[in-house]
Amino acid sequence: CTATANDGDEGTATDTATATVTNTPPVMTEVTVTPDSGQVGDTLTCAASATDEDGDAVTYSYAWSTGAEGESYTITADEDPGDTITCTATATDATGASIDGTADATVTNTDPVVAVSIAPETAAVGETLTCTPTASDADGEEPDVAITWPDGSTGPTYTVTAANDPSSTITCTATASDVD
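No gaps in the numbering here: position 93 of the sequence shown is 77 in the working numbering, and each next residue is one more.
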């Protein structure tokens, strides 16, 4: 701004003052994590949007509470059901001014998986069948396995009795459960 004073007798004085326009940092308008919950092996994706009143281009970076960086994160067995995973999104303008925003996702339980085999595949009265289950849990826990036979008995073995009809099928059922 420049001001000039004139006294009417051809005398003048001029002075100038300046003001500096400073950068306005971006404003974070939204941060999301999708999905907002997931199990071991699921991929979470973080997205952010921001505005900049100065019209500067805005770039984004993402950091996860697990120490990972980038837009996506795959849940590992290191996270327990009920844990919260947070994404911190940083919006930065062309002058380096930045703002952070966060969003969360919750780790949910992964059901155990069980497979079972029975040996021998055929048996006569008095012979013993053995049920062998194999169970795992992606959460990293050791599942409990319960074995049940058609007569209601439990345990890994079953002795064929006269009550079993010849050519009938005897099935062992293995049920895996985890603490979560």
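A virtual CB, placed ideally from N, CA and C, is assigned to each residue, including glycine. Only a predicted model underlies this, so the values are computations on that prediction, with no experimental measurement involved.
Residue i versus the options, residue with shortest Cα-Cα distance
i, options, result
"Asp64", "Thr141, Gly124, Val129", "Gly124"
"Asp84", "Thr118, Val109, Thr35, Asp128", "Thr35"
"Pro150", "Gly110, Thr76, Val129, Glu(-6)", "Gly110"
"Asn93", "Pro104, Asp26, Pro117", "Asp26"
"Thr106", "Thr43, Asn(-10), Thr153", "Thr153"
"Asp38", "Asp(-9), Asp77, Val100, Gly136", "Asp77"
"Thr143", "Thr90, Met12, Thr114", "Thr114"
"Asp20", "Val5, Gly66, Thr4", "Gly66"
Under 7 Å between C-beta atoms of residue i and residue j
i, j, result
"Thr0", "Thr(-12)", "no"
"Cys(-15)", "Cys30", "no"
"Asn7", "Ala75", "no"
"Val98", "Ala158", "yes"
"Ser101", "Thr116", "yes"
Length of the line joining the Cα atoms of residue i and residue j
i, j, result
"Tyr57", "Ala41", "26 Å"
"Ala73", "Trp133", "54 Å"
"Glu126", "Ile59", "19 Å"
"Ala32", "Thr68", "19 Å"
"Cys156", "Val129", "12 Å"
"Val91", "Pro104", "41 Å"
"Val15", "Glu55", "11 Å"
"Thr145", "Ala108", "8 Å"
"Thr(-2)", "Gly(-8)", "14 Å"
"Met12", "Ala3", "28 Å"
"Gly51", "Ser45", "13 Å"
Cβ-Cβ separation, residue j to residue i (assumed contact under 8 Å), whole Å
i, j, result
"Val24", "Asp88", "The pair is not a contact, with the Cβ atoms about 17 Å apart (cut-off 8 Å)."
"Pro96", "Ala47", "Between Ala47 and Pro96 the Cβ distance is about 32 Å, and since that is not below 8 Å, they are no contact."
"Asp135", "Asp162", "That pair is no contact at about 27 Å."
Neighbour flag for residue i against chain B, beta carbons, 7 Å
i, result
"Thr112", "Among the protein chains of the structure shown there is no chain B, as only one such chain exists."
Which complete alpha helix (DSSP H) runs does the segment 41 to 106 hold, if anything under 4 residues is left out? none
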